[in-house]
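Undergrad:
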Ligand code: TNX
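Residue numbers (UniProt numbering): 9 to 514.
1. Per DSSP, what are the beta-bridge partners of residue 160 in this structure?
2. Check whether the Cβ atoms of residue 212 and residue 183 lie closer than 9 Å to each other.
3. Shorter than 8 Å, the distance from the beta carbon of residue 177 to the closest heavy atom of the ligand TNX, or not?
4. For residue 133, which residues from the same chain have a beta carbon less than 6 Å from its beta carbon, with the 5 sequence-adjacent residues on both sides left out?
5. Quick one: what's residue 448 bridged to in DSSP?
6. With distances taken Cα to Cα, identify the nearest neighbour of residue 170 among 473, 507 and 509.
7. Is it true that the CB of residue 463 sits closer than 9 Å to the CB of residue 406?
8. Could you give the distance in angstroms between the alpha-carbon of residue 450 and the alpha-carbon of residue 325?
9. For residue 273, count neighbouring C-beta atoms within 10 Å of its own C-beta (all shown protein chains included) and say buried if the count is 16 or more, exposed if not.
10. So with Cβ pairs under 9 Å, would you call residue 89 a contact of chain B?
11. Tell me the rounded alpha-carbon separation between residue 314 and residue 512.
12. Along the chain, where does the beta strand (DSSP E) that runs through residue 205 open and close?
13. Is the beta carbon of residue 156 within less than 8 Å of some heavy atom of the ligand TNX?
14. Regarding residue 362 and the ligand TNX, is the C-beta to nearest heavy atom distance less than 8 Å?
15. Label residue 466 either buried or exposed according to how many other C-beta atoms from any shown protein chain fall within 10 Å of its C-beta, with 16 as the threshold for buried.
16. Among the residues of its own chain, which have a CB less than 6 Å from the CB of residue 65, if the five just before and after it don't count?
17. Per DSSP, which residues does residue 301 bridge with? Please list them.
18. Using only alpha-carbon positions, find the residue among 430, 426 and 503 that is nearest to residue 510.
19. At a cut-off of 8 Å, would you count residue 334 as near the ligand TNX, judging by its Cβ distance to the nearest heavy atom?
20. Cβ of residue 247 within 8 Å of any heavy atom in the ligand TNX?
21. Extract the residue ranges of the alpha helix (DSSP H) inside the stretch 248-331, only unbroken runs of 4 or more that lie entirely within it.
22. Name the one or two DSSP bridge partners that residue 359 has.
23. Run the CB neighbour count on residue 166, radius 10 Å, all protein chains shown included, and call it buried at 16 or more, exposed below.
24. Are the CB atoms of residue 360 and residue 328 nearer to each other than 9 Å?
25. Using the Cα positions of residue 146 and residue 297, report the straight-line distance between them to the nearest angstrom.
26. Please determine whether the Cβ atom of residue 331 lies at a distance below 8 Å from any heavy atom of the ligand TNX.
27. Should residue 422 and residue 484 be called a contact, given that it needs their Cβ atoms to be closer than 9 Å?
28. Short check: CB of residue 1 to CB of residue 352, under 9 Å?
29. Enumerate in chain order the residues of its own chain whose CB-to-CB distance from residue 20 is below 7 Å, with the five nearest sequence positions on each side excluded.
30. If you pair each beta-carbon of the stretch 49-58 with each one of the stretch 151-163, do three or more pairs fall below 8 Å?
31. Restricting to Cα atoms, I'd like to know which of 148, 144, 89 and 349 is closest to residue 119.
32. Going by DSSP, what residue range makes up the beta strand (DSSP E) through residue 236?
33. Would the beta-carbon of residue 512 be found less than 8 Å away from any heavy atom of the ligand TNX?
34. Tell me the DSSP secondary structure of residue 71 in three-state form.
35. Is residue 180 near the ligand TNX, going by C-beta to nearest heavy atom under 8 Å?
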């Protein structure tokens, strides 16, 4: 006999009810405080936007929001109300309670959204929260036109740390300026506010220095594996800086020295500490090169480099590297760091160096970036200096996720998506010494933007939450489900993220 085939069939149209509880919205990084209401805002063809003052930063931020709403929904939101306007997004400047530079308040009601901050940066951060609250898909069951339902309530938000950074190594492999601009857009969406560019290393010098043209003409002509390398002209660098500024992101340029300097010394052999003329290098060894630390000509070269880069870098920081100078004598190294610190200060920048620099007699404004040796970070604290945390076994984006990851290293361990998230900066130092977090992406093991994105995402999204969100507001299970909801954005942005099996991707 035949088994009856049972199947159910429904002709009912599937109705997905809009999420209207703001506390369940997938915002990353999680805001400081979110209070729900039982209302919801309807974003549709009858919505408009207004700004309460003429501040150019506010205007630019509002245009940014209008543009992003258009890209996501296709709606063209007018920047002033029209006769048929039914709902309004208002951007206000007012003195909100927090004096944090990046604080904002976002209040969502039935027919108004009010975004308030003391300055344009706060508004810009709040705009990212609002973007994340707009659903990827409209609801078409509520009216005969598309409506994007934004859950109602109030968000009061500000970051835990002021330095929320990622580093990209464009030296071991070069990545074009246009790509850096796309990367900046993704960082901004997650409220990362610093992009640290590792602009020089043994394998390539990547920024034009007008007074020393061979640095890029020759020193920028290759990369790991022997590819053609490349470099940013100063115009291109300025363009990156301007794009970053428009996203309220600061560029931190790094020229790594006295070690990691083979490309510079191959271009100008007088820089070399051992008196020889080195060849260009396309391998992946570290710690074999050094500048001549006792030559005044070397310091006048460094003065030119720092002067030229500083003059096109509006941000307050200059990173001098200082790591793995294994062939520089200790006393020469300490002498070098102090002299270079003076040059950085002469051009009104605050010096940052990898943790080894803590051994020098640093000025109180200089910053130590912990990556390897906690003793160096503790030494920095003894000297009352600020520290940036980049513990390699937690925050290195070039570590493999697991043993099957095809690119990346494992010298500091494997870093799956959960361990990248499950730590707290205060495990290392007390909060008052921590300026923030930097997640470095070293590029020895990949030459494509696909590889870059595979290692960076989704872990970088977790570092954004670690540096923005207070420990009480962080929870892996909750984060994991919010992360799963990022898939649509990452796909829309064409990001080749790693589909970690730890996440139930939507
Ligand atoms: C260590 S981290 C380095 C880099 C390498 C990286 C590879 C640091 C300050 N130095 O030169 O690219 O390991 O993971």
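Glycine is no exception: its CB is placed at the ideal position from the N, C-alpha and C atoms. Since this is a predicted model, take the numbers as computed values, not measurements.
TA: On the basis of the data shown:
1. If you number the chain shown from 1, residue 160 lands on position 152. DSSP lists 29 as partners of residue 160.
2. If you number the chain shown from 1, residue 212 lands on position 204. If you number the chain shown from 1, residue 183 lands on position 175. No.
3. Counting from 1 along the chain shown, the entry for residue 177 is found at position 169. Yes, the Cβ of residue 177 comes within 8 Å of a heavy atom of the ligand TNX.
4. What you label residue 133 is simply residue 125 of the chain shown in a count that begins at 1. Closer than 6 Å at Cβ, skipping near neighbours: 110, 112 and 199.
5. As a position in the chain shown, residue 448 is number 440, starting the count at 1. 175, per the DSSP bridge assignment.
6. Within the chain shown, numbered from 1, the residue matching residue 170 stands at position 162. Residue 473 is the option with its Cα nearest to residue 170.
7. Here residue 406 is taken as the residue at index 398 of the chain shown, counted from 1. Here residue 463 is taken as the residue at index 455 of the chain shown, counted from 1. Closer than 9 Å, so yes.
8. On the chain shown, position 442 is the one that residue 450 refers to. On the chain shown, position 317 is the one that residue 325 refers to. Rounded to the nearest angstrom, the two C-alpha atoms are 20 Å apart.
9. Working through the chain shown from its first residue, we reach residue 273 at position 265. Here residue 273 is buried, its C-beta having at least 16 other C-beta atoms within 10 Å.
10. Looking at the structure shown, chain B is missing, and only one protein chain is on hand.
11. Reading the chain shown from its first residue, position 306 is the one you call residue 314. Reading the chain shown from its first residue, position 504 is the one you call residue 512. Spanning the two alpha carbons is a distance of roughly 47 Å.
12. In the chain shown, residue 205 corresponds to position 197, counting from 1. Start and end: 202-206.
13. As a position in the chain shown, residue 156 is number 148, starting the count at 1. Answer for residue 156: no, Cβ out of range of the ligand TNX.
14. Stepping through the chain shown from its first residue, residue 362 is reached at position 354. For the ligand TNX, at least one heavy atom lies less than 8 Å from the Cβ of residue 362.
15. Along the chain shown, read from residue 1 onward, the residue named residue 466 stands at position 458. With 16 or more Cβ atoms within 10 Å of its Cβ, residue 466 is classed as buried.
16. As a working note, residue 65 is residue 57 in the chain shown. Beyond the five residues adjoining it in sequence on each side, residue 65 comes within less than 6 Å, by CB distance, of 128 in the same chain, given in chain order.
17. Walking along the chain shown from the start, residue 301 turns up at place 293. Answer by DSSP bridge pairing: none, since residue 301 is not bridged.
18. Position 502 of the chain shown holds residue 510. Looking at the Cα atoms, 426 is the closest of the given residues.
19. To locate residue 334, count along the chain shown from 1; it is residue 326. No, the Cβ of residue 334 stays beyond 8 Å of every heavy atom of the ligand TNX.
20. In the chain shown, residue 247 corresponds to position 239, counting from 1. Flag unset: Cβ of residue 247 not near the ligand TNX.
21. 270-275 and 304-319
22. One-based indexing of the chain shown puts residue 359 at position 351. In the DSSP output, where bridge partners are listed per residue, residue 359 has 326.
23. Position 158 of the chain shown, counting from 1, holds the residue named residue 166. Residue 166 comes out buried.
24. Mapped onto the chain shown, residue 360 falls at position 352. Mapped onto the chain shown, residue 328 falls at position 320. Cβ distance < 9 Å, so residue 360 and residue 328 count as in contact.
25. Walking along the chain shown from the start, residue 146 turns up at place 138. Walking along the chain shown from the start, residue 297 turns up at place 289. Taking the straight line from one Cα to the other gives about 57 Å.
26. Stepping through the chain shown from its first residue, residue 331 is reached at position 323. Yes, the beta carbon of residue 331 sits closer than 8 Å to at least one heavy atom of the ligand TNX.
27. Stepping through the chain shown from its first residue, residue 422 is reached at position 414. Stepping through the chain shown from its first residue, residue 484 is reached at position 476. Cβ atoms of residue 422 and residue 484: not closer than 9 Å.
28. Since the first residue shown for the chain is 9 and the last is 514, residue 1 is missing from the structure and cannot be characterised.
29. Mapped onto the chain shown, residue 20 falls at position 12. Low confidence applies here, because residue 20 scores a pLDDT of 45, under 50, leaving its location unreliable; read the following figure in that light. Its chain contains no residue whose beta carbon lies nearer than 7 Å to that of residue 20 once the 5 sequence neighbours on both sides are disregarded.
30. Contact between the stretch 49-58 and the stretch 151-163 is present, because at least three Cβ pairs lie under 8 Å.
31. In the chain shown, residue 119 corresponds to position 111, counting from 1. Of 148, 144, 89 and 349, the residue nearest in Cα terms is 89.
32. Taking the first residue of the chain shown as position 1, residue 236 is located at position 228. That residue, residue 236, is in no beta strand (DSSP E); it is neither H nor E in DSSP.
33. Taking the first residue of the chain shown as position 1, residue 512 is located at position 504. Not so, every heavy atom of the ligand TNX lies at least 8 Å from the Cβ.
34. If you number the chain shown from 1, residue 71 lands on position 63. Of the three classes helix, strand and coil, the one that applies to residue 71 here is helix, per DSSP.
35. For the purposes of this step, residue 180 is taken as residue 172 along the chain shown, with counting starting at 1. Yes, Cβ of residue 180 sits closer than 8 Å to a heavy atom of the ligand TNX.
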